[in-house]
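See below for the structure under consideration.
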Amino acid sequence: MKVLFLVQKEQRAILDRLYEGVAEHCDCDIRWLSSDEQRNLRAYFRREVDVTRYDRIVFFLRFKQEIRQVGFIRTLPNLVILEHDAYQNYIPCKYTGKFSAHYRRLPWVRVISSGFMVTERLRAEGFDAVFVPKGYDQALLQSQDRERDIELAFVGSTNSVAYSGRKALLDELARVEPLVVTRTKSGEEYCATLNRIRFFVSADVGMGEYMIKNFEAMACGCVLLAFDQGAEENAALRFEDMVNVVFYKDIPQLQEKLAVLRSDPQLAADIARRGQSLAVSQYRFARIGQRIVEALEAPLRPRAPLSVLERLRLKLGV
């Protein structure tokens with residue numbers, strides 16, 4: 020299967036290992052598009068792409084730019100959209116409902132979504148949606164077997180509107196527990212910091228799925244204290260409470276379970292070990308890349324015939 024994989028050149032997360040994981044399992048032409056190229060996909064394709072060469076064209080681009088160019092995107096054959104932010108379709112934020120509206124204009128497109136229940140909701144709306152979870156970079160992040168001198172911490176951003184629930188919960192927890200909230204550079208500094216943390220607090224409040232940080236913390240040997248995203252999401256990820264993760268629904272429940280773990284260091288160590296084993300076996304980017312390729316393989320829905328205007332614009336290249 021020949022795949023054209025279009026990804027963002029400027030992106031906060033380091034996802035090179037995910038792209039390599041995809042490329043290992045198909046004949047993959049990876050292109051890193053600049054912001055300017057993403058803003059004018061018609062020009063990029065006219066200049067750089069022969070769409071007839073590819074069995075699948077995969078977008079992993081900025082949603083903000085996609086929705087502005089749906090007229091052109093509708094003309095592309097064999098299109099699949101990989102989307103890690105579709106949870107925003109179902110939470111209060113600037114993109115509430117906009118993913119559904121976008122996909123309704125592209126009803127033949129396959130959407131690979133990183134949330135199990137988000138995928139189920141998209142499928143219920145009639146879209147060709149497939150679940151492939153987030154994961155972590157196995158080359159950058161691993162357990163270093165060092166002293167864990169930070170007991171309770173969160174590492175990451177709390178600034179955006181989508182993270183308002185995260186910030187509120189962390190602020191509440193910091194009033195009653197010795198919580199460290201910090202940010203680091205990606206790569207070695209981030210890995211080293213995770214390896215200093217015993218209990219990592221994941222506060223994906225109201226998101227409906229687990230962000231990349233959960234898998235990163237597990238891979239680095241932290242005990243993951245995860246805001247509970249629901250039984251269906253947990254089962255899809257093989258997350259088990261007090262077995263390989265620790266779930267909580269509010270601060271009192273988190274404190275109650277934290278007290279149990281503090282009084283039983285062996286239980287905490289066992290949860291961390293099993294969580295790390297699950298992350299390494301199922302959620303390293305090498306494995307997630309393979310699952311993405313598997314999600315590309317089934318036949319796509321037939322694309323609607325191009326309108327007269329669409330055919331004319333393609334012919335003229337405008």
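Throughout the sequence shown, residue numbering follows the numbering used here, covering 20 to 337 in sequence. Cβ atoms here follow ideal geometry from the backbone N, Cα and C, with glycine treated the same way.
DSSP bridge partner residues for residue i (one or two, in chain order)
i: Tyr267; result: Phe246
i: Leu171; result: Phe218
i: Leu277; result: Paired residue(s): none; Leu277 is not in a bridge.
i: Asp355; result: Since the first residue shown for the chain is 20 and the last is 337, residue 355 is missing from the structure and cannot be characterised.
i: Tyr155; result: Arg303
i: Cys47; result: Val22
i: Asp164; result: Partner(s): none; Asp164 has no beta bridge.
i: Asp260; result: Val264
i: Leu52; result: Gln27
Whether residue i touches residue j by CB criterion (7 Å)
i: Val68; j: Leu101; result: no
i: Arg75; j: Asn97; result: yes
i: Glu191; j: Ile92; result: no
i: Ile311; j: Gly154; result: no
i: Gln274; j: His44; result: no
i: Asn263; j: Leu213; result: no
i: Leu188; j: Ala222; result: yes
i: Arg202; j: Arg167; result: no
i: Leu244; j: Val224; result: no
i: Leu277; j: Arg129; result: no
i: Met131; j: Ala254; result: Note that residue 131 is Ile in the sequence shown here, rather than Met. In this structure, Ala254 does not lie closer than 7 Å to Ile131 by Cβ.
i: Gly40; j: Ala317; result: no
i: Ser205; j: Ile49; result: no
Reference residue i, options the options, closest by Cα
i: Asp46; options: Arg61, Met20 and Val26; result: Met20
i: Gln57; options: Lys268, Ile169, Gln248 and Val89; result: Val89
i: Val26; options: Arg257, His103 and Arg65; result: His103
i: Gly116; options: Ala288, Val130 and Leu141; result: Leu141
i: Tyr373; options: Leu315, Trp51 and Tyr182; result: Here the chain has residues from 20 to 337 only, and residue 373 is not among them.
i: Leu159; options: Phe234, Val130, Ser183 and Thr177; result: Phe234
i: Tyr267; options: Tyr109, Val220, Val151 and Ser183; result: Val220
i: Leu60; options: Thr94, Gly206 and Leu34; result: Thr94
i: Leu80; options: Asp164, Leu286, Ser53 and Cys210; result: Ser53
i: Leu23; options: Ala323, Gln301, Glu251 and Thr71; result: Thr71
i: Gln301; options: Pro321, Tyr106, Gln157 and Arg66; result: Gln157
i: Glu251; options: Phe150, Ala317, Glu313 and Tyr73; result: Phe150
i: Glu208; options: Gln163, Glu313 and Tyr109; result: Gln163
i: Pro321; options: Arg36, Asp55, Asn178 and Val99; result: Val99
Checklist entry - So, do the segment 283-303 and the segment 231-248 have three or more beta carbon pairs nearer to each other than 8 Å? => result In short, these stretches touch, since the Cβ pair count reaches three.
Checklist entry - Any contact of the segment 224-233 with the segment 135-149, i.e. 3+ C-beta pairs under 8 Å? => result Yes, the segment 224-233 touches the segment 135-149.
Checklist entry - Whole beta strand (DSSP E) runs in the segment 58-109 with 3 or more residues, listed along the chain? => result Correct list: 75-79 and 98-102.
Next on the checklist: Which runs of the beta strand (DSSP E) at least 3 residues long sit entirely within the segment 174-251? Give them in chain order.
Outcome noted: If only uninterrupted beta strand (DSSP E) runs of at least 3 residues are considered, those enclosed by the segment 174-251 are 199-201, 216-221 and 242-246.
Checklist entry - Per the contact definition of three or more C-beta pairs closer than 8 Å, is the segment 184-202 in contact with the segment 167-176? => result These segments touch.
Item to check | Touching by the beta-carbon criterion (3+ pairs, under 8 Å), the segment 114-122 and the segment 138-153 | outcome: Contact between the segment 114-122 and the segment 138-153 is established, with three or more Cβ pairs separated by less than 8 Å.
Next on the checklist: Report the start-end ranges of each alpha helix (DSSP H) in the segment 289-323 that is 4 residues or longer and not cut off at the edges.
Outcome noted: Runs of the alpha helix (DSSP H) spanning 4 or more residues and lying entirely within the segment 289-323 occur at 304-316, in chain order.
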